[in-house]
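In what follows, a structure is listed as structure tokens, so that the remarks can point back to it.
Numbering (my numbering), first residue to last: 1 to 294.
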């Protein structure tokens, strides 16, 4: 009798270990970013209707759907491909803009090794960014709310704003613009990017659920005692709209291997250099943003 009980205990323990090993989930996230307002002063060819149309197109480009596939230790986060109308948002600018707004490529996180790998395409070149996961000093709050039937808890953190993420651009206030105008009073050339700045730090608010006890979340967010179902950084909101746990069809969770391997710092330096070159090249060209497509 003791032997039977012993073997049953071993079988139960083995089943639980295997269940944890095979555990996998999928979460769908909707990402929306407030589109910055463009000032088209100095360009008489841009009508109010054209400006409104450009802002609407920018708004649509900043609305994305992502899929997060995860297990106990790793995850892949990728933008859901959408079928676009012919002639809309084609060419290199769309790819470049996508990589600068959180899209493009596959974002792989390994929370055990505290590392991430993401493949990026920028200016016709493929990069494989491999680096350590940023560790945020999360402050756990008592405030709760429900998201999709899951009980979620609030957490906040302050993080350094990325200079290569267009979503971090904030409009300059009027005083800053006046100071800038004084500095460049002798130069009539302008550029739409001169109306924006990137803050050094941004406040992030997360909502996580302990009911799904994985150390995962969208993009490079992690480090909370439960799956992150919502993230807000002031201009961008990423909200989970669907969760599926232990589906029959498993997804292979592994990092991409295509592209030149570089660190996040090296990638950022490459992007910033090209953005500065692009900015100087377009300075004075009607003061407007780059074309939105062909």
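Glycine is no exception: its CB is placed at the ideal position from the N, C-alpha and C atoms.
Bear in mind that the values here come from a model prediction, so they are computed numbers and not experimental data.
What three-state label does DSSP hand residue i in the structure shown?
i           : result
residue 278 : helix
residue 270 : helix
residue 107 : strand
residue 26  : strand
residue 154 : strand
residue 126 : strand
residue 81  : coil
residue 189 : Confidence in residue 189 is poor, its pLDDT being 47 and thus under 50, which makes the residue's placement unreliable; the coordinate value appears in the next sentence. It is coil, neither helix nor strand.
residue 52  : helix
residue 60  : helix
residue 265 : helix
Could you name the residues that DSSP lists as bridge partners for residue i?
i           : result
residue 235 : DSSP, once it has assigned bridges, lists no residue as partnering residue 235.
residue 33  : 236
residue 243 : 27
residue 131 : 116
residue 76  : 69, 108
residue 198 : Answer by DSSP bridge pairing: none, since residue 198 is not bridged.
residue 227 : 209
residue 140 : 155
residue 147 : 150
residue 260 : 127
By the DSSP assignment, the beta strand (DSSP E) with residue i in it spans what residues?
i           : result
residue 68  : 63-70
residue 216 : It is not in any beta strand (DSSP E) - residue 216 carries neither H nor E in the DSSP assignment.
residue 202 : 201-209
residue 295 : Any property of residue 295 remains undetermined from this structure, which presents the chain solely from 1 to 294.
Would you grab the beta carbon distance between residue i and residue j for me? Rounded to a whole angstrom, and I think it's under 8 Å.
i           : j           : result
residue 157 : residue 208 : Contact flag wrong, Cβ pair sits at about 12 Å.
residue 163 : residue 268 : 6 Å
residue 126 : residue 32  : Not a contact, Cβ separation roughly 28 Å.
residue 56  : residue 147 : Their Cβ separation, rounded to whole angstroms, is 28 Å, which puts residue 56 and residue 147 out of contact at 8 Å.
residue 69  : residue 212 : Residue 69 to residue 212, Cβ: 13 Å. No contact.
residue 49  : residue 65  : The pair is not a contact, with the Cβ atoms about 29 Å apart (cut-off 8 Å).
residue 132 : residue 114 : 6 Å
residue 232 : residue 270 : Going by Cβ atoms, the distance from residue 232 to residue 270 rounds to 29 Å, so no, they are not a contact pair.
residue 136 : residue 153 : Incorrect: roughly 15 Å between the Cβ atoms, too far for contact.
residue 116 : residue 220 : 6 Å
For residue i, count neighbouring C-beta atoms within 10 Å of its own C-beta (all shown protein chains included) and say buried if the count is 16 or more, exposed if not.
i           : result
residue 281 : exposed
residue 303 : Since the first residue shown for the chain is 1 and the last is 294, residue 303 is missing from the structure and cannot be characterised.
residue 200 : exposed
residue 75  : buried
residue 224 : buried
residue 245 : exposed
residue 24  : buried
residue 27  : buried
residue 218 : buried
residue 215 : buried
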